[in-house]
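A.B. asks: Take a look at the following structure, please.
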Amino acid sequence: MAAFGAYESLVGWRYLLRRRRRPHVLIAGLIFLALGAGLAALGWHQLQGQGKAIAVFGEAQGIWRLVLSIGGGVATFGGCLSLFGLLNAFLTVFSAFSAFMVTIGVAEVILVLGVMNGFQARWSPYH
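Here the sequence shown stands for residues 14 to 140, where the numbers follow the working numbering.
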């Protein structure tokens with residue numbers, strides 16, 4: 014029994030005395046976020062200058078609509094990477110991943126409920 018107690022105290026000290034993590038993942042995520050936002054803004058600006066509608070579906074895919082779409086995807090990836098990097102800077106990788114997935118899951122539920130609430134308001138006879 015004494016051997017198990019000694020092992021558990023070593024595991025505790027391992028997490029208490031670990032070196033601080035460098036925020037490499039957070040910095041990479043912020044770079045991707047800025048790059049994606051810049052590409053999306055460039056695509057948006059060029060489409061507005063041409064007088065075209067900003068829509069996902071519709072006309073044939075042009076180069077600026079493609080730039081807008083790629084920018085949105087890169088910005089989304091950068092946002093997720095930044096969130097994980099921020100959590101990983103303060104937590105262990107296991108705790109950071111768990112908190113990250115809970116955050117993404119809650120965001121999905123909020124998005125679905127918001128969309129369904131919009132549909133309900135649109136088709137409500139009391140509207």
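For every residue, glycine included, the Cβ atom is placed at its ideal position computed from N, Cα and C.
Would you mind reading off the limits of the alpha helix (DSSP H) that contains Thr116?
C.D. replies: Within the sequence shown, numbered from 1, the residue matching residue 116 stands at position 103. Thr116 -> alpha helix (DSSP H) spans 106 to 136.
A.B. asks: Would DSSP call Met14 helix, strand or coil?
C.D. replies: Taking the sequence shown and counting its residues from 1, one reaches residue 14 at position 1. Low per-residue confidence applies at Met14: pLDDT is 48, beneath 50, and the placement is therefore not dependable, though the value from the model is reported in the following sentence. In the structure shown, Met14 sits in coil (DSSP, three-state: anything other than H, G, I, E or B).
A.B. asks: Do the region 124 to 136 and the region 50 to 69 meet, that is, are 3 or more Cβ pairs less than 8 angstroms apart?
C.D. replies: The region 124 to 136 vs the region 50 to 69: no contact.
A.B. asks: In terms of residue numbering, what span does the alpha helix (DSSP H) encompassing Ile83 cover?
C.D. replies: Reading the sequence shown from its first residue, position 70 is the one you call residue 83. Per DSSP, Ile83 belongs to the alpha helix (DSSP H) from 76 to 103.
A.B. asks: Does the contact criterion of 3 or more C-beta pairs under 8 angstroms hold for the region 48 to 57 versus the region 80 to 91?
C.D. replies: Touching, yes.
A.B. asks: Kindly list the residues whose CB is nearer than 6 angstroms to the CB of Trp77, restricted to its own chain and excluding five residues on each side of it in sequence; keep chain order.
C.D. replies: As a position in the sequence shown, residue 77 is number 64, starting the count at 1. Excluding residues within five positions, the ones whose Cβ falls inside 6 angstroms are Gly56, Gln59, Leu60.
A.B. asks: Measure the alpha-carbon distance for Arg135 versus Phe103 and round it to whole angstroms.
C.D. replies: If you number the sequence shown from 1, residue 135 lands on position 122. If you number the sequence shown from 1, residue 103 lands on position 90. Cα to Cα, the separation comes out at about 43 angstroms.
A.B. asks: Taking just the CA atoms, how far does Val106 sit from Ala54?
C.D. replies: As a working note, residue 54 is residue 41 in the sequence shown. As a working note, residue 106 is residue 93 in the sequence shown. Going from the Cα of Ala54 to the Cα of Val106 covers about 33 angstroms.
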